[in-house]
Amino acid sequence: MGKNNSELLFPADHALKLYEQVIHYVTVRIDRGDWQTDMKLPSVRSLAQELGVHRLTVFRAYHELKQQGLVYVKDKSGYYVHASQATEHAKYAGYSGHSSTDLSFHSESAYAADDPSVSAWRGMDGLTRVQSVNANFQFSKALIDPSLLPNRYWRELMMQVFEKHPKVAATYSSVQGDAELRDAMAQHFSVDKHFALSPDEVLITSGAQQAIDLISRSLIRTGDRVLTERPAYGPAMEIFRRQGARLTMIDIRPEGYDMEQLEWCMKTEKPRVFYINPTFHNPTGFTVPEEQRKRLPELAERYGCLIVEDDSTYDISFGQKPPSPIFAYDISGSVVYIRSYSKYVAPGLRIAAVTCRPQLMNSLLNVKALVDNGSPLLNQKLFLQYFQSPRMQQHIKKLCIALQIRKETMEDSLRDSGWTWTSPAGGLSLWLQLPSTLKPNELLAKCVQESVTFVPGNVFDPIGEEGKTNVRLSYSYANELQIKEGIATLLRISRTM
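Have a look at this one:
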């Protein structure tokens with residue numbers, strides 16, 4: 209393929225034939241509006257030169273597109289975009305008599321959010337910048353206070369690992385991950401989460417963010433639609449954008465999704481992937497109910513969409529256990545499940561697991577081999593030692609109690625603020641709605657001067673609408689005294705604005 213547009217086509221080792229890759233390229237250009245209704249397409253000769261393929265390859269692709277009704281031919285003139293394409297993309301704008309902006313899903317292209325400078329400011333760069341501020345009252349980090357982590361056990365565990373595996377530091381892991389750890393995780397998921405899972409369906413990664421990156425590189429092609437929740441985890445959005453995806457967003461609410469609108473979005477937007485964080489969602493703390501979890505794999509199978517389920521804080525539950533992961537209800541291989549233990553067990557080990565069916569695993573392994581050829585074996589053996597001991601469950605139980613106390617302390621401190629929120633049943637943060645008179649970014653600027661930080665809501669909003677008045681306050685990194693003093697300072701500053 210030619211250098212100019214090779215990124216719009218599949219990798220060289222992809223199962224699609226060359227003419228099918230050209231079909232995909234043409235479809236992408238039509239879908240994103242580069243080539244509109246009744247517009248003449250490039251000639252066979254010019255497109256072949258542009259893509260660096262034989263003219264017969266382009267001719268066959270055009271012929272297939274004509275057979276599918278996507279393009280039409282004018283005698284002695286060439287190929288043109290069929291009007292049915294514009295009709296299909298206009299459908300959702302008339303849904304239920306509303307314009308597309310009235311719906312609870314939004315196409316990112318309508319908001320110029322593909323501009324790299326815009327996406328970097330709203331997403332990864334903005335979050336990193338806020339979290340890097342050195343503050344006495346740190347409410348921007350959705351991380352666990354190091355004093356709550358099981359630090360004193362690791363020296364003992366390290367000695368046990370070296371006694372059991374004296375050459376562990378001199379050995380690479382397999383690309384897929386340590387066989388013992390994958391077996392232990394498969395057994396745990398099968399018993400505790402009711403997954404029907406084998407060790408060959410588990411991949412060990414260096415944290416959840418690497419898992420998202422591997423999935424993005426394996427499954428997403430330039431021009432593909434990726435459906436995400438709104439608001440959403442900023443680094444994940446940035447990973448998908450840099451892979452060439454276009455984002456479509458659907459609102460997540462305390463009661464989950466509007467399933468009718470979600471199905472309509474899958475039908476009309478045809479997303480390749482639906483990336484979701486359904487349990488103690490970051491940043492809102494919302495949890496998608498069980499009945500929706502059961503239906504999501506059915507919709508994914510029907511519309512050819514893969515669900516990527518990010519479950520990084522599933523165990524951080526206050527009281528009743530959350531519903532089973534969506535992966536537990538998947539019978540068609542339409543769900544990829546990410547489970548991270550980095551945040552609340554040992555951030556330094558960076559242990560996460562991806563579970564998926566065999567048809568997807570090989571693609572993930574090919575990318576993982578190029579990224580790092582396997583996560584560090586010493587980290588995996590250390591985590592395995594802890595994972596198989598009763599200490600881990602004891603630690604999680606105590607951690608949940610401590611975090612619930614901190615959450616309640618923060619809520620009590622905010623009780624007279626006039627701000628509103630839905631109290632989460634787990635997780636690490638509160639998602640608050642401020643009065644319309646307060647602008648989060650201006651409030652943050654003043655708070656930083658008095659050593660208080662939080663994350664403005666627009667960092668998690670792929671659209672970044674003006675007038676957003678949400679903020680995320682994390683209660684997991686500060687102790688109770690810091691929470692009381694920090695929130696008091698925050699509210700004092702807000703009342704001067």
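Per the numbering used here, the very first residue in the sequence shown carries number 209; after that it's consecutive. Think of the CB as a built atom: it goes at the ideal place given N, C-alpha and C, for glycine as much as any other residue.
Notebook entry, point to check: For the region 579-604, which segments carrying the alpha helix (DSSP H) assignment without a break, of at least 4 residues, lie completely within its bounds, in sequence order?
Noted result: 585-595
Next item on the list: Report yes if the CB atom of Phe662 is closer than 9 Å to the CB atom of Ser631, and no otherwise.
Entry: no
Notebook entry, point to check: Can you name the start and end residues of the beta strand (DSSP E) that Trp639 belongs to?
Noted result: Ser637 to Gln641
Notebook entry, point to check: Starting from Gly286 and walking both ways along the beta strand (DSSP E), at which residues does that stretch end?
Noted result: Gly286 to Val289
Margin query: Give the list of continuous alpha helix (DSSP H) stretches no shorter than 4 residues that lie fully inside the region 615-700.
Written below: 648-656
Checklist line | Beta-bridge partners of Val562, as assigned by DSSP | finding: Leu411 and Ile546
Check: Between Gln690 and Asn344, what straight-line distance do the alpha-carbon atoms span, to the nearest angstrom?
Finding: 8 Å
Check: Would DSSP call Leu226 helix, strand or coil?
Finding: helix
Notebook entry, point to check: Just to confirm, are Pro486 and Ala350 a CB contact at a threshold of 9 Å?
Noted result: no
Next item on the list: Could you spell out where the beta strand (DSSP E) holding Thr436 opens and where it closes?
Entry: Arg433 to Arg438
Check: CB Asp523 to CB Tyr545, shorter than 9 Å?
Finding: no
Next item on the list: With DSSP collapsed to three states, give me the class of Val516.
Entry: strand
Notebook entry, point to check: If you check the beta carbons only, do Leu590 and Trp362 fall under 9 Å apart?
Noted result: yes
Note to self: One question on the structure: do Ile423 and Leu573 come within less than 9 Å of each other, judged by their Cβ atoms?
What the structure shows: no
Notebook entry, point to check: What whole-angstrom Cβ distance do Val279 and Thr430 have, given they're in contact under 8 Å?
Noted result: Wrong, their Cβ atoms sit about 20 Å apart, outside the cutoff.
Check: Should Leu357 and Leu427 be called a contact, given that it needs their Cβ atoms to be closer than 9 Å?
Finding: no
Next item on the list: Under 6 Å Cβ to Cβ from Asn587, same chain only, skipping five residues before and after it: list those, please.
Entry: Leu557
Margin query: For a quick check, are the C-beta atoms of Val230 and Thr265 less than 9 Å apart?
Written below: yes
Margin query: Could you tell me which whole alpha helix (DSSP H) segments of length 4 or greater appear in the region 360-386?
Written below: 362-372
Next item on the list: Please say whether Ile604 and Glu688 have beta carbons closer to each other than 9 Å?
Entry: no
Margin query: Could you pull the DSSP bridge partners for Asp459 from this structure?
Written below: Arg438
Notebook entry, point to check: Would you call the region 532-549 and the region 500-518 in contact, with 3 or more CB pairs under 8 Å?
Noted result: yes
Checklist line | Local conformation of Lys349 per DSSP, three classes | finding: coil
Item checked: Helix, strand or coil at Ser426 [DSSP, three-state] -> helix
Check: Buried or exposed: where does Gly582 fall if 16 or more other Cβ atoms within 10 Å of its Cβ makes it buried?
Finding: buried
Next item on the list: Answer yes or no: do Val410 and Ala554 have a C-beta to C-beta separation smaller than 9 Å?
Entry: no
Notebook entry, point to check: DSSP on Ile484, reduced to helix/strand/coil?
Noted result: strand
Checklist line | Bridge partners - Gly241, DSSP secondary structure assignment | finding: Beta-bridge pairing links Gly241 to no other residue.
Notebook entry, point to check: Using the rule of at least 16 other Cβ atoms within 10 Å of the residue's Cβ for burial, across every protein chain shown, is Gly694 buried or exposed?
Noted result: buried
Checklist line | Status (buried if at least 16 other CB within 10 Å, exposed otherwise) for Ser381 | finding: buried
Next item on the list: Give the straight-line distance between the Cα atoms of Val281 and Val261, rounded to the nearest whole angstrom.
Entry: 21 Å
Checklist line | For Lys282, the first and last residue of its enclosing beta strand (DSSP E) | finding: Val279 to Lys282
Next item on the list: Look up Val454 in the DSSP assignment and give the residues it is bridged to.
Entry: Checking the displayed sequence, the identity of residue 454 turns out to be Arg instead of Val. Bridge partners of Arg454: Arg433.
Item checked: Minimum Cβ-Cβ distance from Leu255 to chain C less than 9 Å -> Any reference to chain C falls outside this structure, which holds one protein chain only.
Notebook entry, point to check: Do Gly742 and Lys478 have their CB atoms nearer than 9 Å?
Noted result: Because residue 742 is not part of the residues shown, which for the chain are 209 to 705, the question remains open.
Checklist line | Met457 beta carbon less than 9 Å from that of Leu435 | finding: yes
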